[in-house]
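Chemist: Heads up: the sequence lines are chains Z and D, in that order. When we follow our numbering, the leftmost residue of the first sequence carries the number 95, and every step to the right adds one. When we follow our numbering, the leftmost residue of the second sequence carries the number 95, and every step to the right adds one. Each residue gets a CB set at the ideal place from its N, CA and C atoms; glycine is no exception. Below is one structure. I have some questions about it.
2 protein chains.
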Amino acid sequence: MPTKHAQRLATRITSRGRRLTDQRLIVAEALAAGKEAVSAQELYERVRSRNPRLALATVYRALEAQVESGMARRLERRGHVSAYIACDVEHHHHLVCVRCQKVEDLDETILKPVLRGINDRHGFAVEHERLDFYGLCAACRRAAGSTDSVR
Amino acid sequence: MPTKHAQRLATRITSRGRRLTDQRLIVAEALAAGKEAVSAQELYERVRSRNPRLALATVYRALEAQVESGMARRLERRGHVSAYIACDVEHHHHLVCVRCQKVEDLDETILKPVLRGINDRHGFAVEHERLDFYGLCAACRRAAGSTDSVR
DNA sequence: TGGGCTGTTGAGAATGGCTCTCAGAATGGT
DNA sequence: ACCATTCTGAGAGCCATTCTCAACAGCCCA
C-alpha cells in the first residue's frame with residue numbers, strides 16, 4: 095500500500111528512464127523525511143536498521159541519481175563531505191543566523207537580477223553557485239538591539 | 095633582494111603573528127602569480143622543480159594559513175578537491191569557470207540590491223557572505239557553442 | 001649575539017569519503 | 001514469461017587531505 099507521498103517519489107525517480115527499485119525509494123523517503131541536510135553516511139546509518147542489506151555504495155548511487163534528476167541538492171560540508179537535501183521545487187539559498195543558528199530560505203526572486211547581471215555584464219553562464227549569507231536574523235537583531243543597517 | 099611584491103606578501107603572512115618562512119613565501123608567490131584557481135597538488139607540482147625539498151603537506155598548510163589570514167580564498171572543485179585563489183583585498187566574490195578554471199571578480203554593484211532585499215524582506219542583517227558562482231566564462235561558452243541563456 | 005622557547009617542516013603513514021569492480025539479482029518492455 | 005539492460009551488495013581501491021613526530025628554523029629577549 096504505497097502512500098501518496100511514495101507514489102510521487104516513485105514518479106520522480108523514474109522520470110528520467112531510471113528504474114524503480116526498493117533501494118531508491120528507501121533512500122528518497124529517508125531523505126525527504128528530514129528538513130536538514132544529511133550526509134550519505136548519516137543517511138545510511140539512519141536507514142540501516144530497517145534495511146540491513148542495503149549497501150553504502152547504493153546510498154551514494156541513489157543520492158547521486160536524485161541530484162541528477164533534480165530531486166535533491168548536494169551541499170558541501172566542512173572536511174570534504176557532501177550533504178544532501180531533498181528539493182521539492184527549485185533549489186534555494188539560505189540565510190544563516192550566526193547567533194541562533196536558525197536557517198531561513200532566501201527569497202529567490204531577489205537573485206534574478208544578479209544572475210541576469212552576471213550573464214549580461216560578464217558573459218558568464220552560471221551553472222551552480224554557492225551562496226550563503228551569515229548574519230543576524232530579525233529576532234536576534236531585535237534582541238541585540240542592533241540598529242545597524244545593511245552595509 | 096626581495097621584490098616589492100614579496101615584501102607585501104611577507105607582511106601579510108606575518109600579520110597574524112605567524113612566522114615568515116621560505117616555504118610560505120614560495121607558496122604565496124606561486125599562488126599570487128596565477129589568475130586562475132589552483133589545487134594544492136597543482137601548486138605543489140608547479141613549485142616542486144625549483145624547490146625539490148618542499149613537501150606537499152607544507153603546501154596544504156601554507157594555503158590553509160593564507161585562507162585563514164584572508165590572503166586567499168578556498169573554492170570547491172568537482173571531486174572533492176579544493177582550489178585556491180589569491181585575494182588582493184578583502185572579500186571579493188568570484189565567477190569560477192568550471193572549464194578553464196579562470197576566475198573573474200564579480201562586479202560588486204550587482205549585489206547591492208540583493209543585500210538591500212535581504213534586509214527589507216527578511217529583516218536579516220548580513221554580516222558576511224559566501225558567494226561564488228560556478229559556470230562557463232564567456233570564452234569557454236563560445237568554445238562550447240552554448241547558446242543557453244541564464245535560467 | 002647567542003640561547004632557547006615554540007612554531008614549522010618533511011616524509012611518509014594514516015584517514016576517510018567516495019568510487020569501482022563484478023557476479024548475481026531485479027526491472028520493465030515486448 | 002523472456003531477456004536485454006540496469007541495479008545492487010560487498011569489499012577492495014582510490015586519492016585528497018591530515019596526522020605524527022623528530023629535526024629544524026624564526027623570533028624574542030637578555
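Which same chain residues end up closer than 7 Å to asparagine 145 of chain D when comparing Cβ atoms and leaving out the 5 residues on each side of it in sequence?
Modeler: Ile120
Chemist: Which residues does DSSP list as the beta-bridge partners of glutamate 223 of chain D?
Modeler: Z:Phe227
Chemist: Give the residues from the segment 165-183 of chain D that approach chain Z closer than 9 Å (Cβ to any Cβ), ordered along the chain.
Modeler: Leu169, Glu170, His174, Val175 and Ser176
Chemist: Find the nearest neighbour of glycine 211 of chain D within the set Z:Asp214, Z:Pro207, Z:Asn213 and Z:Ala166, judged by alpha-carbon distance.
Modeler: Z:Pro207
Chemist: On a CA-only basis, which of D:Ile179, D:Thr203 and D:Glu158 is nearest glutamine 195 of chain D? Give me that one, please.
Modeler: Measuring from the Cα of glutamine 195 of chain D, the nearest candidate turns out to be D:Ile179.
Chemist: According to DSSP, which residues form a beta bridge with histidine 188 of chain D?
Modeler: D:Asp199 and D:Asp226
Chemist: Please list, in chain order, the chain D residues whose beta carbon lies closer than 9 Å to that of leucine 225 of chain Z.
Modeler: Annotation: Cβ neighbours of leucine 225 of chain Z in chain D (cutoff 9 Å, chain order): Glu223, Arg224, Leu225, Asp226 and Phe227.
Chemist: Since leucine 205 of chain D meets chain Z, which of its residues come closer than 8 Å, beta carbon to beta carbon?
Modeler: Val208
Chemist: Please name the residue in D:Asp226, D:Ala159, D:Glu158 and D:Glu162 whose C-alpha comes closest to that of cysteine 191 of chain D.
Modeler: D:Asp226
Chemist: On the premise that alanine 219 of chain D lies in contact with glycine 229 of chain Z, defined as a C-beta separation below 8 Å, what is that separation, rounded to the nearest angstrom?
Modeler: 5 Å
Chemist: What residue does the beta strand (DSSP E) around alanine 180 of chain Z start on, and which one ends it?
Modeler: 175-180
Chemist: Roughly how many angstroms lie between the CA atoms of serine 243 of chain Z and histidine 222 of chain Z, to the nearest whole one?
Modeler: Reliability of the predicted coordinates at serine 243 of chain Z is poor, the pLDDT of 38 falling under 50, and the value obtained from them is presented with this limitation in mind. Rounded to whole angstroms, serine 243 of chain Z and histidine 222 of chain Z show a C-alpha spacing of 29 Å.
Chemist: Using beta carbons (cut-off 8 Å, strictly below), is arginine 155 of chain Z in contact with chain D?
Modeler: no
Chemist: Just to confirm before moving on: does the CB-CB distance between arginine 160 of chain D and alanine 151 of chain D stay below 8 Å?
Modeler: The identity of residue 160 of chain D in the sequence shown is glutamine, whereas the question assumes arginine. It is not a contact, given that the beta carbons lie outside the stated cut-off.
Chemist: What do you get for serine 109 of chain Z, buried or exposed, if any count of 16 or more other CB atoms within 10 angstroms of its CB means buried?
Modeler: exposed
Chemist: DSSP three-state call for leucine 205 of chain Z: helix, strand or coil?
Modeler: coil
Chemist: Three-state secondary structure (DSSP) at leucine 157 of chain D?
Modeler: helix
Chemist: Count the other CB atoms, across all protein chains shown, that sit within 10 Å of the CB of arginine 79 of chain D; report buried if there are 16 or more and exposed otherwise.
Modeler: The requested residue 79 of chain D is not part of the displayed model; chain D covers only 95 to 245.
Chemist: Cα separation between alanine 233 of chain Z and arginine 142 of chain D?
Modeler: 52 Å
Chemist: Here's the rule I'm using: 16 or more other beta-carbon atoms within 10 Å means buried, otherwise exposed. How should serine 132 of chain D be labelled?
Modeler: The identity of residue 132 of chain D in the sequence shown is valine, whereas the question assumes serine. Valine 132 of chain D is buried by the Cβ-count criterion.
Chemist: Whole angstroms are fine: how far does the CA of glycine 217 of chain D sit from the CA of histidine 188 of chain Z?
Modeler: 14 Å
Chemist: Which residues of chain D have a Cβ atom closer than 9 Å to the Cβ of alanine 131 of chain Z, listed in chain order?
Modeler: Ordered by position in chain D, no residue passes the 9 Å Cβ test against alanine 131 of chain Z, which lies about 15 Å from the chain.
Chemist: Starting from arginine 106 of chain D, trace the alpha helix (DSSP H) in both directions and tell me its first and last residue.
Modeler: 98-108
Chemist: Who are the near neighbours of methionine 95 of chain D in its chain, counting only those whose CB is closer than 7 Å to its CB and skipping five residues on each side?
Modeler: Note that methionine 95 of chain D has pLDDT 49, beneath the 50 cutoff, so the model's placement of it is unreliable and the number below is only indicative. Taken in chain order, the list of residues that qualify is empty.
Chemist: Using a Cβ cut-off of 8 Å (strictly closer), state whether alanine 151 of chain Z contacts chain D.
Modeler: no
Chemist: Between lysine 129 of chain D and leucine 200 of chain Z, what straight-line distance do the alpha-carbon atoms span, to the nearest angstrom?
Modeler: 31 Å
Chemist: Buried or exposed: arginine 215 of chain D, going by 16 or more other Cβ atoms within 10 Å of its Cβ?
Modeler: That one is exposed.
Chemist: By alpha-carbon positions, which one of Z:Lys98, Z:Ala127 and Z:Ser176 ends up nearest to tyrosine 154 of chain Z?
Modeler: The shortest C-alpha separation from tyrosine 154 of chain Z is found at Z:Ser176.
Chemist: Put arginine 215 of chain Z into one of helix, strand or coil per three-state DSSP.
Modeler: helix
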